[in-house]
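Asker: First residue of the sequence shown? That's 563 in the numbering used here, and the numbers climb one at a time after it.
Each residue gets a CB set at the ideal place from its N, CA and C atoms; glycine is no exception.
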Amino acid sequence: MQLQGYEAIFFYALALVALIMGVMVITVRSPVHSALFLISTLIGIAGLFILLRAEFIAGVQILVYVGGVMVLFLFVIMLVNVQQETRETTQIFTRQYVAGYLIVGLLTLSFLYVVRESRNTQFLKPPQIEERAETTATPMTSLSKDTQEVGDKLYTRAALPFEIASVLLLVAIVGSVMLARGRKQEKIFE
């Protein structure tokens, strides 16, 4: 898919915003600010889904991840008061930079290898004009049918994995609240 005109401008702008916000997620010290930057990253990725003409996935991304999961994460972060805990443990992570640079270097080398080796494959070649015209002119009935098929598959074939993921998320949140509550009660009794 070759991007032209405004699509290319929006793609590069959204990709740059998502990339910068993603870097800010892991570099900011405050957990609340990190969660807010993650919300911005998820909104940028939803914009990229819209450019890919996957409006349903973009809507689900915003409703479920930004509207539900991230608000829940912010609530738990504020409930647990992680800021006080991070002040006490900042000295532990002073020698992690070498490992981080090594991992980033290895990932960059592997990415460059994949790009170099895949130049002869079909997915990097620009599509023909006829193929592009067929994919861009999608009638609304086809979009609603695709959305119906996605919903049908999600609620029939993938219902169990969704339930398992929701239970795991609930267990993680309850566990973090219990650990934080235990630490606070230990400090009270000392």
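Contact defined as beta carbons within less than 8 angstroms: I believe Val631 pairs with Val739. What is the distance between those atoms, to the nearest angstrom?
Answerer: That belief does not hold up - the Cβ atoms of Val631 and Val739 are roughly 16 angstroms apart, past 8 angstroms.
Asker: Assess, as a yes-or-no matter, whether the stretch 565–575 is touched by the stretch 595–603 under the definition of 3 or more beta carbon pairs within less than 8 angstroms.
Answerer: The stretch 595–603, when compared against the stretch 565–575, does not touch it at the 8 angstroms Cβ threshold.
Asker: Please say whether Gly621 and Leu576 have beta carbons closer to each other than 8 angstroms?
Answerer: Not closer than 8 angstroms, so no.
Asker: When we look at the beta-carbon of Gln623 and count the other beta-carbons within 10 Å, is it buried (16 or more) or exposed?
Answerer: Under this definition Gln623 is a buried residue.
Asker: How far does the alpha helix (DSSP H) with Gly630 in it reach, from first residue to last?
Answerer: Neither: Gly630 is in no alpha helix (DSSP H) and is coded neither H nor E.
Asker: So which of Glu679, Ser592 and Ser602 has the shortest CA-CA distance to Met583?
Answerer: Ser602
Asker: Just to confirm, is the Cβ distance from Val587 to Leu600 under 8 angstroms?
Answerer: yes
Asker: From this set, Val638, Tyr717, Val590 and Pro723, which residue's C-alpha is nearest Ile735's C-alpha?
Answerer: Val638
Asker: Where does Phe673 land, buried or exposed, given buried means 16+ other C-beta within 10 angstroms?
Answerer: exposed
Asker: Can you look up Arg743 in the DSSP assignment and give me helix, strand or coil?
Answerer: helix
Asker: Could you say which of Gly609, Leu636 and Leu716 lies nearest to Ala570 if we only look at CA atoms?
Answerer: It is Gly609.
Asker: Out of Gly713, Phe572 and Val666, point me to the one whose CA is closest to Ile619's CA.
Answerer: Gly713
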